[in-house]
Amino acid sequence: MSEKLLKFENVYYTYPGGQKPALNGLNFSITATKKIALLGQNGSGKSTLLFLADGLYKPQKGQISWARERLKYDRYSLNQWRQKIGLSFQDPEQQLVAGTVAEDIAYGLYNLKLSQAEIKQRLGQILAEFGLQDLADQPLHHLSLGQKRRVALAGVMARQPELLLLDEPTAYLDSVQTGNLLEELERIHAAGTTLLIATHDINFAYQWADWILILHEGKMVMSGEAQDIFSQRSSLAELHLDVPILWEVWQVLVSSLSLPNTMHFPKTIRQLEEQLQQIAG
Ligand SMILES: Nc1ncnc2c1ncn2[C@@H]1O[C@H](COP(=O)(O)OP(=O)(O)O)[C@@H](O)[C@H]1O
Ligand SMILES: [Mg+2]
32 MSEKLLKFEN VYYTYPGGQK PALNGLNFSI TATKKIALLG QNGSGKSTLL FLADGLYKPQ
92 KGQISWARER LKYDRYSLNQ WRQKIGLSFQ DPEQQLVAGT VAEDIAYGLY NLKLSQAEIK
152 QRLGQILAEF GLQDLADQPL HHLSLGQKRR VALAGVMARQ PELLLLDEPT AYLDSVQTGN
212 LLEELERIHA AGTTLLIATH DINFAYQWAD WILILHEGKM VMSGEAQDIF SQRSSLAELH
272 LDVPILWEVW QVLVSSLSLP NTMHFPKTIR QLEEQLQQIA G
């Protein structure tokens, strides 16, 4: 049994002046070491869930806990909480606060009670890890969107969280930038951080995640491994969600070529190619 980290129990949240709850009796938990995709249509409550997980908003009802310890909302507790959980906002502009790249990353370290020498050491290390040394003294407003994202992510990772939450991290990135981001996330995951990515991109979730959560109207309606989720086509249709292209192609191939269902379903074009070569060979 893997360790449970973050847990939401019967959580309700309605925005001030909101007509209906954005989170409507939400239950789920997150297991350590996984790569989790949080899927759902626009407006299903993904960003709200992340804001509550980071303690930015407080639920009107229900509770949020970490390894059975309940989230409290005083400054000290929130600071402790945010050392375990890091949140990368959809819009890096909302996250970046200081003048230059190095100042911004260092800013997040000041309330960790580190010595000046430790801050300097950790800053140098994180700049190197994220390939930001050359940009260290650049003003943030000189950076491209992809660079701003990288700086914002470096700032979150400088605090060494156990769980990293990312809100639509691939939005507005081109394919090269997305590839770079994925490499960074692989490195972060390999170093032991659990990842949760909120996205409405089904194809991305299918390729990347080893666990999928589906949010609908503020409730968790499905959770499981990709093959278990995407084989429930009619449930997905009711939720107005598509199935991934590659999954669809694979289903067509399996049925039209009468392939044995013991074969592994491919998650990437490369894997599809390998499977087909195996069949042909
Ligand atoms: N600042 C806000 N004020 C009022 N309602 C909001 C606010 N932000 C989001 N909502 C509402 O909360 C619901 C969930 O939104 P959100 O968490 O942003 O969903 P998602 O990230 O899945 O697109 C939606 O109905 C949205 O309109
Ligand atoms: Mg959102």
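Sequential numbering from 32 applies to the sequence shown in this note's numbering. The C-beta atom is built at its ideal place from N, Cα and C for all residues, glycine as well.
Under the rule that a run must span 3 or more residues, the beta strand (DSSP E) segments found entirely inside the region 46 to 119 read 54 to 62, 66 to 70, 92 to 97, 116 to 119. For Asp198, the CB falls within less than 7 Å of some heavy atom of ligand 2. Val132 carries a helical assignment under DSSP once its states are collapsed to helix, strand and coil.
A distance below 8 Å between beta-carbons, with the five flanking residues on each side excluded, links His271 to the following residues of its chain, in chain order: Gln72. Excluding the 5 residues flanking it on each side, Ser266 has no same chain C-beta neighbour closer than 6 Å. In the three-state reduction of the DSSP assignment, Lys298 falls in the coil class, being assigned neither a helical nor a strand state. The beta carbon of Ala63 sits closer than 6 Å to the beta carbons of Ser33, Glu34, Leu36, Thr225 from its chain, once the five residues preceding and following it are set aside; these are given in chain order. Every residue whose beta carbon comes nearer than 6 Å to a heavy atom of ligand 1 appears here in chain order: Tyr46, Gly49, Ala53, Gly71, Asn73, Gly74, Ser75, Gly76, Lys77, Ser78, Thr79.
The beta-bridge partner set that DSSP reports for Ala229 consists of Leu69, Asp198.
Nearest to Lys92 by alpha-carbon distance, out of Lys151, Asp241, Val42, is Val42.
Shortest gap from the CB of Gln121 to any heavy atom of ligand 2: under 7 Å. Comparing alpha-carbon positions, the option among Glu215, Gln50, Leu288 lying closest to Leu197 turns out to be Glu215.
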